[in-house]
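Report on the following structure.
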Amino acid sequence: MKIVVAYSGGLDTSIIIKYLKEKYNAEVIAFTANLGQKIKVNELEKKAIKTGAKKFYFEDLRGKFVQDYILPSLKASALYQDKYPMATSLSRPLIAERMVKIAKKEKADAVAHGCTGKGNDQVRFELSFKYLAPELKIIAPLREWEFKSREEEIEYAKKNKIPISVSKEKPYSIDENLWGISIECGKLENPWEEPPEDAYQITISPEKAPDKPTYIEIEFEKGIPVGINGKKLKPIKIIDYLNKIGGDNGIGRIDMVEDRLVGIKSREIYEAPAATILHTAHSELEKLIFSKELWEFKKIVSIKFSQLVYYGLWFSNFRECLSAFVEETQKYVSGKVKVKLYKGNCEAVGRKSPYSLYEENLATYTKKDIFNHKASEGFIEIFGLTTLLEGKRKWKIKKKK
Ligand code: ARG
Numbered sequence: 096m097k098i099v100v101a102y103s104g105g106l107d108t109s110i111i112i113k114y115l116k117e118k119y120n121a122e123v124i125a126f127t128a129n130l131g132q133k134i135k136v137n138e139l140e141k142k143a144i145k146t147g148a149k150k151f152y153f154e155d156l157r158g159k160f161v162q163d164y165i166l167p168s169l170k171a172s173a174l175y176q177d178k179y180p181m182a183t184s185l186s187r188p189l190i191a192e193r194m195v196k197i198a199k200k201e202k203a204d205a206v207a208h209g210c211t212g213k214g215n216d217q218v219r220f221e222l223s224f225k226y227l228a229p230e231l232k233i234i235a236p237l238r239e240w241e242f243k244s245r246e247e248e249i250e251y252a253k254k255n256k257i258p259i260s261v262s263k264e265k266p267y268s269i270d271e272n273l274w275g276i277s278i279e280c281g282k283l284e285n286p287w288e289e290p291p292e293d294a295y296q297i298t299i300s301p302e303k304a305p306d307k308p309t310y311i312e313i314e315f316e317k318g319i320p321v322g323i324n325g326k327k328l329k330p331i332k333i334i335d336y337l338n339k340i341g342g343d344n345g346i347g348r349i350d351m352v353e354d355r356l357v358g359i360k361s362r363e364i365y366e367a368p369a370a371t372i373l374h375t376a377h378s379e380l381e382k383l384i385f386s387k388e389l390w391e392f393k394k395i396v397s398i399k400f401s402q403l404v405y406y407g408l409w410f411s412n413f414r415e416c417l418s419a420f421v422e423e424t425q426k427y428v429s430g431k432v433k434v435k436l437y438k439g440n441c442e443a444v445g446r447k448s449p450y451s452l453y454e455e456n457l458a459t460y461t462k463k464d465i466f467n468h469k470a471s472e473g474f475i476e477i478f479g480l481t482t483l484l485e486g487k488r489k490w491k492i493k494k495k496k
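Note that the working numbering has the sequence shown beginning at 96, numbered continuously upward.
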């Protein structure tokens, strides 16, 4: 048996290699994708092989991740339950896609992942596998094996000389890529407890951020960020830059209780400086450009889109349909937004676009005003007709009583 396993080098996936070899008598191929997380490829490869993998595949998927997953979700204003930019959720279908490719090349029989049986990621991986390669067997060791806690796994790893970086003092489970970091476990499991400073990886605390604000101008073309402070840059460079400058200003810390697909409420924290800044700026630009109707309707689409991504339904016709709608909405989303970063707060303080529907001569209270005030009389008469009739009815009923 040949198995391709999604390998991060973390606690679970390290143990998995050994487990798969022993339980399935399998040849294990480890796959790691570079999605912008901190990794030392050479060390990872050594570790995978040392732990028992026959082969190690590594692919830099940052470009594809940005192009095919991050940008479409930015355009869709996709924030799960109004807060989470879904760095983790978005990465799973891409990793799955590559694993399937490798599995086909290697003529493997199965794919495996290191997700627990109570999270969302198992669903995301497995629905992607089903969609892309229904013939592959799917193995989820964490749903099979006998370890009952992370503590037990740590013990096992130590006993078997599997190198791990988790310790009892720093017990967080962390998933990182360029769109953000997801952190759970440890003290975070108590939703009343403020996240300890050591849980945060890439942001400094707002208290420690500079006392002076930082201003950034972000340029968009058709919903895509294309420049910073007047300089054209590739989206990936923009994301890198904003993660750094945002993190230095304490931007992008998200502390939330969220509803998992399996019905559990979980408390997790996220750090997503670039995602926070880009979503803020992008939404602000849409506000200037969209009609009221489009703005309101797209909000509904955003909620639905986020749910689909979060629930692992990236590969679905419904998601494609929503993406097609979103794409069309971005036709005029070009322009610039001025963002102010200050002690953990990120606010749009200026916006302009050649396609703006904002008309200063209509909005102004000065003598430049060109709005036809008289026309409002007729407008209110007609707009208020139903209100008038309903009011009359109410009074009639009251009098009768
Ligand atoms: N709750 C987030 C999601 O479902 C993140 C899950 C992964 N988190 C982690 N620390 N491994 O997308």
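Here a beta-carbon is modelled for each residue, glycine too, at the ideal position from N, C-alpha and C.
Quick caveat: nothing in here was measured; it's all calculated off a predicted structure.
Buried or exposed by the 16-neighbour rule on C-beta atoms within 10 Å, applied to residue i
i: G104; result: buried
i: Y175; result: buried
i: Q296; result: exposed
i: Q217; result: buried
i: E423; result: exposed
i: E140; result: buried
i: I333; result: buried
i: T146; result: buried
i: N412; result: exposed
i: V434; result: buried
i: M96; result: exposed
i: P449; result: exposed
i: K170; result: buried
i: P236; result: buried
i: F220; result: buried
i: G325; result: exposed
i: I278; result: buried
i: S109; result: buried
i: I465; result: exposed
i: I475; result: exposed
Residue span of the beta strand (DSSP E) that contains residue i, given as start and end
i: S268; result: 268 to 272
i: V357; result: Here V357 belongs to no beta strand (DSSP E), and DSSP marks it neither H nor E.
i: D464; result: That residue, D464, is in no beta strand (DSSP E); it is neither H nor E in DSSP.
i: K435; result: 430 to 437
i: G445; result: 440 to 447
i: V99; result: 97 to 101
i: S168; result: First-last for S168: 166 to 170, but that is the alpha helix (DSSP H), not the beta strand (DSSP E).
Cβ shell of residue i (< 8 angstroms), same chain only, five flanking positions each side left out
i: I98; result: L115, Y119, A121, E122, V123, I124, A203, D204, A205, V206, A207, I234
i: E455; result: K463
i: L227; result: A191, E192, V195, F410
i: I276; result: A182, I269, D270, Q296, I297, Y365, E366, A367
Span of the alpha helix (DSSP H), counted from its first residue to its last, around residue i
i: K145; result: 136 to 145
i: C416; result: 412 to 424
i: G322; result: Careful: G322 lies outside any alpha helix (DSSP H), inside the beta strand (DSSP E) at 319 to 323.
i: K347; result: The residue asked about is misnamed: residue 347 is Gly in this sequence, not Lys. Segment: none, G347 is in no alpha helix (DSSP H) and carries neither H nor E.
i: K495; result: 480 to 495
i: D343; result: 330 to 343
i: Y179; result: It is not in any alpha helix (DSSP H) - Y179 carries neither H nor E in the DSSP assignment.
i: Y119; result: 106 to 119
i: K213; result: First-last for K213: undefined, no H or E at that position.
i: E246; result: 245 to 254
C-alpha gap between residue i and residue j, whole angstroms
i: P286; j: P301; result: 20 angstroms
i: G407; j: V432; result: 32 angstroms
i: A148; j: G158; result: 27 angstroms
i: N137; j: I257; result: 16 angstroms
i: K469; j: I477; result: 14 angstroms
i: Q132; j: D343; result: 18 angstroms
i: I134; j: Y152; result: 14 angstroms
i: K327; j: E379; result: 20 angstroms
i: W490; j: L383; result: 42 angstroms
i: I111; j: Q402; result: 30 angstroms
i: P320; j: V357; result: 35 angstroms
i: F497; j: A367; result: Residue 497 lies beyond the residue range present for the chain, which begins at 96 and ends at 496; the question has no answer from this structure.
i: T459; j: I299; result: 41 angstroms
i: I323; j: P308; result: 17 angstroms
i: W240; j: E201; result: 26 angstroms
heavy atom of ligand 2 below 8 angstroms from residue i C-beta
i: D464; result: For the structure depicted, ligand 2 is absent and the ligand set comprises only ligand 1.
Close beta carbons around residue i, own chain, < 7 angstroms, minus the five adjacent residues each side
i: R355; result: G214, N215, S361
i: H185; result: In the sequence as displayed, the identity of residue 185 is Leu instead of His. Correct list, in chain order: Y164, I165, S168, W274, V404.
i: L156; result: A128, N129, L130, L189, R193
i: F420; result: V396
i: Y179; result: I349, M351, E353, Y365
Beta-carbon proximity list for residue i, same chain, < 6 angstroms, skipping 5 on both sides
i: T371; result: I346, G347, C441
i: K150; result: I124
i: S223; result: P188, A191, F410
i: G281; result: P266, Y267
i: S172; result: S378, S397
i: G318; result: K170, Q425, V428
i: F400; result: A171, A173, L417
Any chain B beta carbon closer than 9 angstroms to residue i
i: R414; result: Absent from the structure: chain B. Only one protein chain is present.
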